[in-house]
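**Student:**
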Amino acid sequence: MENSEDSWNYYMEEMKGMMIFTDGSKMDGRVGCASVAFDNKTELDYRKFRLNESSTVFMAEVIAIQQAVQYVRANGLGEVNIINDSRSALMALSAVEEARDIINNVKEKNTRENNLDLD
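Residue numbers for the sequence shown follow our numbering, so the first one is 164 and each next one is one higher.
1) Measure the Cβ-Cβ separation of A200 and D208 and say whether it is below 8 Å.
2) Spatial neighbours of V220 within its chain, please: CB distance less than 7 Å, with the 5 preceding and 5 following residues excluded, ordered by chain position.
3) Where does T205 land, buried or exposed, given buried means 16+ other C-beta within 10 angstroms?
4) Taking the CB atoms as reference points, tell me whether V194 and N215 lie closer together than 8 Å.
5) Which residues in the same chain have their Cβ closer than 6 Å to the Cβ of E224, if we skip the five residues on either side of it in sequence?
The following block contains the structure:
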């Protein structure tokens, strides 16, 4: 199994073009998410957000992706890879049917933009 340093090294070696890494977490009752944008290995932007304490890690992961999508749209960026390690968030975003509004909101923006790749 790869550790996080191996994964990071892989992306640093393979990083070409615009990439946004996102993550969400919950620790000691505090919930938050962050994203960092790179263009050809150069850091362009870093953002972090504190969420309500009743939020779940899943929601933090989804909100991190949502913020990345909003960053892409607000800055009129071309092709962008959004990298996230939450299988459940990525599966929810790729599901044909979804009941949660926040997931559908991100999916709708991604479909309209048609240039975002969620990994």
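Glycine residues also receive a C-beta, built at the ideal position from the N, C-alpha and C atoms.
**Tutor:** Checking against the coordinates, here is how it stands:
1) yes
2) G187, S188, K189
3) exposed
4) yes
5) G187, S249, A252
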